[in-house]
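Quick notes on the structure that follows.
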Amino acid sequence: MTRFALDRRALLGGAAAGISLAFAGRVSALSPAARPKLVVLIARGAMDGLSVTPPYGDAAYVPLRGGLAVPPPGQPDGALPLGEGFGLHPALTGLHGLYGRGQLRFAPAVALPVRIRSHFEAQDVLENGAATLRRREDGWLNRAIAAAGGRPLKGLSIGAQTPLILRGDAAVSSWSPGSQVRPDDRLALRLQDLYADDPLLGPNLMRGLATETQAEASGDGSVRRNDARALGEAVARLMTGAEGADVVAVSLDGWDTHAGQKAQLQTRLTGLDQLTTGLMTALGDDWRRTLVVAATEFGRTARANGTQGTDHGTASSLLLAGGALKRGGPVGDWPTLAQGQLFEDRDLRPTLDIRSVFKGVLRDHMGIDRAALDTRVFPDSAAEAPVLAGLA
Amino acid sequence: MAASAHDAALALTRLGLGARPGEIARVAPDPRGWLTAQVRPQGAPQPPGDFPDSARRLDQLQDYRAAASRPATPPGPAAWAMPGVMPGAVDPAAEAQREARQAARRAIADDTDQAFLARARFAATTDDGFAERWALFWSNLFTVSLVKFDAGALADPFEREAIRPHVFGQFEDLALAAEQHPAMLFYLDQARSVGPDSPAGRRRSAGLNENLAREMMELHTVGVDGGYTQGDVTELARALTGWSTPNARDRDNGVTGAFLFRANVHEPGARTVMGKTYRQAGLAQGQAILRDLARNPATARRLSHRIAAHFVADDPPPALAARLERIWTRTGGDLSQVAQALIAAPEIWTPQPAKVKTPYEFVVSAHRALGVWPQRLPPLRQALIAMGQPPFSPPSPQGWPDAAGDWAGPDALVKRLDWSRAMAESARGADPVQTADQALGDRMSARTRQSVARAESRPEALALLFMSPEFQRR
Numbered sequence: 003m004t005r006f007a008l009d010r011r012a013l014l015g016g017a018a019a020g021i022s023l024a025f026a027g028r029v030s031a032l033s034p035a036a037r038p039k040l041v042v043l044i045a046r047g048a049m050d051g052l053s054v055t056p057p058y059g060d061a062a063y064v065p066l067r068g069g070l071a072v073p074p075p076g077q078p079d080g081a082l083p084l085g086e087g088f089g090l091h092p093a094l095t096g097l098h099g100l101y102g103r104g105q106l107r108f109a110p111a112v113a114l115p116v117r118i119r120s121h122f123e124a125q126d127v128l129e130n131g132a133a134t135l136r137r138r139e140d141g142w143l144n145r146a147i148a149a150a151g152g153r154p155l156k157g158l159s160i161g162a163q164t165p166l167i168l169r170g171d172a173a174v175s176s177w178s179p180g181s182q183v184r185p186d187d188r189l190a191l192r193l194q195d196l197y198a199d200d201p202l203l204g205p206n207l208m209r210g211l212a213t214e215t216q217a218e219a220s221g222d223g224s225v226r227r228n229d230a231r232a233l234g235e236a237v238a239r240l241m242t243g244a245e246g247a248d249v250v251a252v253s254l255d256g257w258d259t260h261a262g263q264k265a266q267l268q269t270r271l272t273g274l275d276q277l278t279t280g281l282m283t284a285l286g287d288d289w290r291r292t293l294v295v296a297a298t299e300f301g302r303t304a305r306a307n308g309t310q311g312t313d314h315g316t317a318s319s320l321l322l323a324g325g326a327l328k329r330g331g332p333v334g335d336w337p338t339l340a341q342g343q344l345f346e347d348r349d350l351r352p353t354l355d356i357r358s359v360f361k362g363v364l365r366d367h368m369g370i371d372r373a374a375l376d377t378r379v380f381p382d383s384a385a386e387a388p389v390l391a392g393l394a
Numbered sequence: 002m003a004a005s006a007h008d009a010a011l012a013l014t015r016l017g018l019g020a021r022p023g024e025i026a027r028v029a030p031d032p033r034g035w036l037t038a039q040v041r042p043q044g045a046p047q048p049p050g051d052f053p054d055s056a057r058r059l060d061q062l063q064d065y066r067a068a069a070s071r072p073a074t075p076p077g078p079a080a081w082a083m084p085g086v087m088p089g090a091v092d093p094a095a096e097a098q099r100e101a102r103q104a105a106r107r108a109i110a111d112d113t114d115q116a117f118l119a120r121a122r123f124a125a126t127t128d129d130g131f132a133e134r135w136a137l138f139w140s141n142l143f144t145v146s147l148v149k150f151d152a153g154a155l156a157d158p159f160e161r162e163a164i165r166p167h168v169f170g171q172f173e174d175l176a177l178a179a180e181q182h183p184a185m186l187f188y189l190d191q192a193r194s195v196g197p198d199s200p201a202g203r204r205r206s207a208g209l210n211e212n213l214a215r216e217m218m219e220l221h222t223v224g225v226d227g228g229y230t231q232g233d234v235t236e237l238a239r240a241l242t243g244w245s246t247p248n249a250r251d252r253d254n255g256v257t258g259a260f261l262f263r264a265n266v267h268e269p270g271a272r273t274v275m276g277k278t279y280r281q282a283g284l285a286q287g288q289a290i291l292r293d294l295a296r297n298p299a300t301a302r303r304l305s306h307r308i309a310a311h312f313v314a315d316d317p318p319p320a321l322a323a324r325l326e327r328i329w330t331r332t333g334g335d336l337s338q339v340a341q342a343l344i345a346a347p348e349i350w351t352p353q354p355a356k357v358k359t360p361y362e363f364v365v366s367a368h369r370a371l372g373v374w375p376q377r378l379p380p381l382r383q384a385l386i387a388m389g390q391p392p393f394s395p396p397s398p399q400g401w402p403d404a405a406g407d408w409a410g411p412d413a414l415v416k417r418l419d420w421s422r423a424m425a426e427s428a429r430g431a432d433p434v435q436t437a438d439q440a441l442g443d444r445m446s447a448r449t450r451q452s453v454a455r456a457e458s459r460p461e462a463l464a465l466l467f468m469s470p471e472f473q474r475r
């Protein structure tokens, strides 16, 4: 097998190369048909970056991972090559196709600004964008809507529950398949009277009904459970047209792979791949101005545990996909898995604050200025410069 | 009388599962007495029905696993030569195996479905709504979920065996019962965790799994600020090695019950957790640590706050949480005393409802309002999935969320409206004005009363009642 020299230097390209601006000026000033679109996929439960973008070129990978290691490209169930000693999990065939077109990049070792191994605290920080624990009760994607100014961007989350990342002052909607409510019906109108003085139920029902109207108009909203591709297509339809959503949050559960990791990841990653493929397919021309970010609250232990799984770790991978992306290598340094390099002798060491990637996306893709990002969208984050090399 | 009628409506809603027809009048003479009488040493009532206990469930799971792991006969030359069996066609042996596996899985899932339906029917009809709410609260603290198949198979016995009998006892006994139950041992991967220096660990490449240890501290007891480190998590994981469930061979060897301590996978030696060293051998070591975690002041503080947040307001009055914490500390975590303190709290008896019902509470309370119970599982399940709370399936060990923002988002309200309409259509016999009076009593606003009275049809009136702000809240 080829030995790769996967060291820190090899991967400096991403972070150091800077960013090419996608848009000059405010996004909100653009006509709906020209606005950029952003989808944030939150993999809840701590997605194992070392399986999503396996660093098969790192000599310590297989010794640490044993049977959980994804084999190098060319071997049975081997990784799909990404170059520089990294691969993509074999379930991610659709994303690998995007890679071939220069529409997929990854950050191999990102982490939150706080070191914590609680899923729930960490998901809060991932979503509220704070620099420390329990600071904010609204989400950075919601604050980004306000920071974009002008005609408000439309925010949408998928599922009955609005995730923290999209909660806040900016009005957002949510949607999931399976409703039979007709928005113009009498009962809905009567309810708006009944909710006239209710600051929670009134506005939320109204937004829900408006989104449902849109779903009805854009095609049949029926999606079979577990059909990730159809869900991706349905979401894409809610993102198109004059009333289409500009920023979307989708939660993906089930990444806490303490035992039997291989099979679980195969299923979860297949779903992630199909969802993205569905989005891409149904967005059609709009894919050109779309960016999808897949992030998780933290990574998993570098070593396999005693039950063919991994425990809570620190750094993980982040994926970027979309027609708005410009071809490029890994974003951020690779810390290596060598002895002595692991964080607390157990986890992949972070080399990049995940907020830097989010800030790069918001600045370069959504046109939000640096000052707002440093103080409002990600409070106390001025020290973490936006990074992201290359958007179309 | 008017004051106690209002208190009755509050008691039945804020601390119960909603009023059934006639219930407000029945409770009105003594709302507090109605509540305190439900605090019984034997725990919360069991939903009626004959359902498999954990030991039987483990048998069923073993049948399923056996069917799942039996290797299919590879189609050899003889099979190819058989008439009608072509390359690519179905291999009868593999097909039979697949069917056996599915049948075993279905048997388990069907029982769980029926148990959930029985629980929902019980909730829709019980006179002890507070005891049921209290039990559901503790069941959610010690979450297990159908998201993992084998844990889900034990979700119903878990509530019956580990939760309900202990919800008015000492918290540490509840914690011990929950953590040692096979549902929890499966759900948080404890059953297969092996001490690396145990006799079994030295023989094969197996090792620790720290999932249960971490959540025991973070979610079940002291909380993330409880003062423990990663080192404490790992030490507790070592102490817990050996907490397991019997397999088929253990059964053949005469093991009864659903919990088994496996001495040969227990990590030997003393353990230090949060500054205290535990020299006990075997099972007693993990139990001693768990008892200390349960008695830790951080546990009292955290869970008192959580009780107040669940029953009163997302951001609860600090005085209430502090009062519950004092009782908890003084009684060493006597949950009957904590429950009585909650009932006595003035914050319970304020008129303004601050909590949005969870989907399950909402659906149950609508059935109660109509004086009916759910007839069949599929529509009930569909409704709960749509509203974001599928049966026995919290998405993570953190359990179901508990704030208005979690349950009353745009899509969730559309789904509630959807279901309310269907429910109202199916209840054509009910008189809407009377139903509203009986369900909400003095909690009903003038606007809702008017809205229900002026609706153009009975279904419309009932749907408006279910969707009204005061019916959505408790």
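First to last, the protein sequences are chains B and D. With positions in the first sequence counted from 1, the corresponding number in our numbering is that position plus 2. With positions in the second sequence counted from 1, the corresponding number in our numbering is that position plus 1. Built from N, CA and C at the ideal position, the CB exists for glycine as well. In this text the structure is predicted, and so the values were computed from the model without any measurement.
Local conformation of residue i per DSSP, three classes
i	result
methionine 3 of chain B	Residue confidence for methionine 3 of chain B is low, a pLDDT of 32 falling below 50, so the modelled location carries little weight; the figure read from the coordinates is stated next. The answer is coil: DSSP assigns methionine 3 of chain B none of H, G, I, E or B.
arginine 307 of chain D	helix
tyrosine 279 of chain D	strand
alanine 79 of chain D	Model confidence at alanine 79 of chain D stands at a pLDDT of 37, short of 50, so the residue's coordinates are unreliable; what they give is reported in the following sentence. DSSP places alanine 79 of chain D in helix when its eight states are reduced to three.
aspartate 51 of chain D	coil
alanine 90 of chain D	With a pLDDT of 49 at alanine 90 of chain D, under the threshold of 50, the modelled position of this residue cannot be trusted; read the value that follows with caution. Note: alanine 90 of chain D maps to coil in three-state DSSP.
phenylalanine 143 of chain D	coil
threonine 213 of chain B	helix
alanine 26 of chain D	helix
Under 8 angstroms by beta carbon: chain B residues contacting residue i
i	result
alanine 207 of chain D	Gly308, Thr309
alanine 405 of chain D	Leu202
asparagine 265 of chain D	Going along chain B, no residue has its Cβ under 8 angstroms from asparagine 265 of chain D, so there is no contact; the nearest lies around 14 angstroms.
CA nearest to the CA of residue i, picked from the options
i	options	result
alanine 1 of chain D	D/Gln63, D/Leu177, D/Arg161	This structure gives no information on residue 1 of chain D, because the portion of chain D shown stretches from 2 to 475.
leucine 52 of chain B	B/Val116, B/Arg67, B/Lys39	B/Arg67
glycine 362 of chain B	B/Gly342, B/Glu386, B/Glu346	B/Glu386
asparagine 307 of chain B	B/Asp288, B/Gly262, B/Trp289, B/Leu267	B/Gly262
aspartate 171 of chain B	B/Gly273, B/Ala384, B/Val379	B/Val379
aspartate 64 of chain D	D/Ala104, D/Gly228, D/Asp54	D/Ala104
glutamate 123 of chain B	D/Val274, D/Glu219, D/Ala4, D/Met388	D/Glu219
aspartate 190 of chain D	D/Ala238, D/Pro396, D/Asn254	D/Ala238
valine 295 of chain B	B/Phe360, B/Val333, B/Thr95	B/Phe360
glycine 234 of chain B	B/Leu202, B/Gly286, B/Leu196	B/Gly286
arginine 429 of chain D	D/Leu418, D/Glu461, D/Leu414, D/Gln451	D/Glu461
leucine 209 of chain D	D/Arg203, D/Val223, D/Arg193	D/Arg193
alanine 387 of chain D	D/Val364, D/Gly372, D/Val373	D/Val364
leucine 211 of chain B	B/Gln182, B/Arg239, B/Gly102, B/Val237	B/Gln182
Proximal chain D residues relative to residue i, where beta-carbon distance stays under 7 angstroms
i	result
valine 183 of chain B	Val415, Leu418, Asp419
tryptophan 2 of chain B	No answer is possible for residue 2 of chain B: it lies beyond the span of chain B, which begins at 3 and ends at 394.
alanine 261 of chain B	Asp190, Arg193, Asn210
glycine 180 of chain B	Ala387
Beta-carbon neighbours of residue i, restricted to chain D and to distances below 8 angstroms
i	result
leucine 70 of chain B	Residues of chain D passing the Cβ test: none, with the nearest at roughly 12 angstroms.
glutamine 163 of chain B	Gly389, Pro402, Asp407, Trp408, Gly410, Ala413
CB contact flag (residue i, residue j, <9 angstroms)
i	j	result
serine 337 of chain D	glycine 170 of chain D	yes
glutamine 125 of chain B	arginine 46 of chain B	yes
alanine 346 of chain D	arginine 324 of chain D	yes
alanine 240 of chain D	valine 266 of chain D	no
alanine 150 of chain B	methionine 368 of chain B	yes
threonine 316 of chain B	glycine 301 of chain B	yes
Chain B residues whose Cβ lies nearer than 7 angstroms to that of residue i
i	result
methionine 275 of chain D	Here the premise fails: no neighbours, minimum Cβ distance about 16 angstroms.
alanine 464 of chain D	Leu189
- prompt: Pairing CB atoms from the segment 240-248 of chain B with CB atoms from the segment 147-158 of chain B, are three or more of them under 8 angstroms?
  reply: yes
query: Okay, do the segment 93-109 of chain D and the segment 141-148 of chain D touch, 3+ Cβ pairs below 8 angstroms being the bar?
result: Cβ pair count under 8 angstroms is below three, so no.
- prompt: Taking contact to mean at least 3 C-beta pairs separated by less than 8 angstroms, is the segment 78-89 of chain B in contact with the segment 326-336 of chain B?
  reply: Output reads yes: the segment 326-336 of chain B touches the segment 78-89 of chain B.
message: Check whether the segment 304-324 of chain B and the segment 344-359 of chain B touch, using three or more Cβ-Cβ pairs below 8 angstroms as the test.
response: yes
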